[in-house]
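In what follows, a single structure is set out as structure tokens and then discussed.
Residue numbers (the numbering used here): 237 to 415.
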């Protein structure tokens, strides 16, 4: 079953988000979704996230992945979870990032926000007949990045920026057959 990938570029933040789906089952994941933010007014919007949902059409969005804590854009994962019921996954070391930033933003020392899945290097996540492999690529943020790869029996997907780097500020995915 082929992996289907569609990239969405958010010009204001220079961010690329991905809609990855399993053609055989219609299961889909959204990676690094952007919540629109207008600096002049301080308002947020959901046009970018809504465009991804529209592109998903009849797909079943079951997973929202954050490759790392983003300082360059706001995440639309919470909004998309409310719309789809999809689980949100992020690298397990997000607790370390939140511990650094909570006091800086006056958020107190409460327990860090919880995600549905805290991902570790080597974890495997089912996406229909595909398997997403979690690969730690530290260095971009205090907790590093989690690159995700998906594979099917017939192909492996790797986008142009398949590794995390300061130059691209991207961590992205590959694609393997489920075992």
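Built from N, CA and C at the ideal position, the CB exists for glycine as well.
Span separating the alpha-carbon of residue i from that of residue j
| i | j | result |
| --- | --- | --- |
| residue 354 | residue 266 | 16 Å |
| residue 253 | residue 339 | 29 Å |
| residue 360 | residue 273 | 33 Å |
| residue 262 | residue 363 | 9 Å |
| residue 333 | residue 305 | 7 Å |
| residue 268 | residue 343 | 24 Å |
| residue 256 | residue 249 | 21 Å |
| residue 372 | residue 352 | 18 Å |
| residue 277 | residue 318 | 25 Å |
| residue 275 | residue 367 | 38 Å |
Proximity to residue i [Cα-Cα], best of the options
| i | options | result |
| --- | --- | --- |
| residue 357 | 336, 276, 327 and 340 | 327 |
| residue 365 | 298, 270 and 352 | 298 |
| residue 270 | 255, 251 and 337 | 251 |
| residue 238 | 248, 246 and 259 | 259 |
| residue 245 | 294, 363, 288 and 302 | 288 |
| residue 369 | 335, 303, 351 and 319 | 303 |
| residue 247 | 283, 371 and 240 | 283 |
| residue 293 | 372, 367 and 320 | 320 |
Whole-angstrom C-beta distance between residue j and residue i, which should lie under 8 Å
| i | j | result |
| --- | --- | --- |
| residue 242 | residue 291 | 6 Å |
Within-8 Å CB hit, residue i to chain B
| i | result |
| --- | --- |
| residue 263 | In the structure shown, chain B cannot be found, because there is only a single protein chain. |
CB contact flag (residue i, residue j, <8 Å)
| i | j | result |
| --- | --- | --- |
| residue 313 | residue 330 | no |
| residue 316 | residue 300 | yes |
| residue 295 | residue 322 | no |
| residue 310 | residue 336 | no |
Fill in: Every unbroken alpha helix (DSSP H) within the region 280-331, with a cutoff of 4 residues, ordered by chain
283-292 and 313-320
Practice prompt. Would you list, in sequence order, the uninterrupted beta strand (DSSP E) runs of no fewer than 3 residues that lie entirely inside the region 240-279?
Written response: 251-258, 263-267 and 270-274
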